[in-house]
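Take a look at the structure below.
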Amino acid sequence: MTCSYPNTRLRRTRTHGWSRAMHRETVLTPADLIWPLFITDGKGVEEPVASLPGVSRWSVDGIAKRAKEAVDLGIPCIALFPNTQAGLRSDKGDEALNPDNLMCRAIRAVRDACGNDVGILTDVALDPYTSHGQDGLVDEAGYVVNDDTVAVLVDQAINQAEAGADIVAPSDMMDGRVKAIRMALEMGGHHNVQIMAYAAKYASAFYGPFRDAVGSGGLLKGDKKTYQMDPANGDEALAEIAMDIAEGADSVMVKPGLAYLDIIWRAKQQFGVPVFAYQVSGEYALIEAGAAAGVGDRDGLLMEKLVAFKRAGCSGVLTYHAPVAARLLNG
Ligand code: PBG
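522 is the number of the first residue of the sequence shown in the numbering used here; add one for each residue after it.
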């Protein structure tokens, strides 16, 4: 394109609202949003998460109500995360395999309330169930062992699929887990259960409020750097994504979101597969804190960030702002 003044005046098309609307390259809709929800025990319980203003943990009945709200708002999918009670957490995270755990009860309640009007995405990783807060099984030295962890994750994914999950999303970053889960789903007759792989998941400083919300933060000793990626690496993210696609992932995720727009862009350009971003808890909390501190209008801040994910090539975004954003989009 040759642009030279005054033949080209790029401001011409910006003169009126109708023209700006007509020339808009990227459109965000509620169908681009996935709403992460935290589950807690009890009935009629809502527990606000202090580090995530505006976000609560809900008991199973409340989760079903939020799922109905998602349907009404045009949000196609919810993502579920349990806050397992302390007494049920163990070294090996066995509660993840209980067919009657909080996660499975929530899946069934959402299905009862909404039928197939909403997609149910479930997190495959052991951190909400382990007494040490790591995503897998640890050896004596505290190292998260790969292959033994994969075997448990397979059972966890099958447990979720049998309860009715539509999309299982391994967030553990073990090598080979997508292939193992895909094979087990096929063998179990769950041919249409999708895998959204947390393919490029970084060892990030932005996960703090999430760990508060699922109750694993206080338990975690050390960090997750032997399995989650180094924020300095981009080529390695593409290798992770290539492997997960080859192993049977239906879609891939980049996490966190805004600091990794280059990875989203490269993934989309290189592989052309559906790419999703997880705008994580710390990103949400920073927008809320920034708005509260007078940095800018909250709605403006959040919508600008969400449209950036679409512009970078995302098919959708997991965001705690999903209901707020959907309401703004629905006018
Ligand atoms: C754990 C998991 C994490 C998140 C989603 N799944 C945290 C972690 O890896 O420690 C973070 C999401 C967020 O911060 O919103 N497997």
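Don't be surprised by glycine CBs; every beta carbon is placed ideally from N, CA and C.
Predicted, not measured: the structure shown is a model, and the values here were computed from it.
- At the C-beta level, A721 and E761 come within 8 Å of one another.
- Its chain contains D687, I688, V689, D771, S772 as the residues whose beta carbon lies nearer than 8 Å to that of Q715, once the 5 sequence neighbours on both sides are disregarded; these appear in chain order.
- Placement of the Cβ of A847 at a distance of 7 Å or more from every heavy atom of the ligand PBG is found.
- Look at F830: its beta carbon is at least 7 Å from all of the heavy atoms in the ligand PBG.
- Counting only unbroken stretches of 3 or more residues, the beta strand (DSSP E) elements lying wholly within the region 742-778 are 772-776, in sequence order.
- Relative to the Cα of A780, the nearest Cα in the group D751, G769, F792, E768 belongs to D751.
- Taken through DSSP and simplified to helix, strand or coil, Q606 comes out as coil.
- Around the beta carbon of D656, a 10 Å sphere encloses 16 or more other beta carbons of the protein chains shown; the residue is thus reported as buried.
- In this structure, the ligand PBG has a non-hydrogen atom nearer than 7 Å to the beta-carbon of K745.
- At the C-beta level, V645 and P691 come within 8 Å of one another.
- Going by C-alpha positions, G803 is about 46 Å away from N528.
- Bounds of the beta strand (DSSP E) holding V838 are 837-840.
- Membership of P844 in the alpha helix (DSSP H) is indicated by the continuous run 843-851.
- Here P551 is buried, its C-beta having at least 16 other C-beta atoms within 10 Å.
- At a Cβ-Cβ threshold of 8 Å, W579 and L609 do not count as neighbours.
- Per DSSP, D644 lies in no alpha helix (DSSP H) segment; the continuous beta strand (DSSP E) that holds it begins and ends at 640-645.
- By the criterion of a C-beta distance shorter than 6 Å, E809 is surrounded in its chain by P574, once the five residues flanking it on both sides are discounted.
- The C-beta distance from V581 to I599 rounds to 13 Å, too long to meet the 8 Å contact threshold.
- Using a cutoff of 7 Å, the CB of S692 counts as near the ligand PBG, since one of the ligand's heavy atoms is closer than that.
- Annotation for A720: the continuous beta strand (DSSP E) segment containing it runs 715-722.
- Beta-bridge partners of R578 (DSSP): F559, E568.
- According to DSSP, C598 shares a beta bridge with I555, G640.
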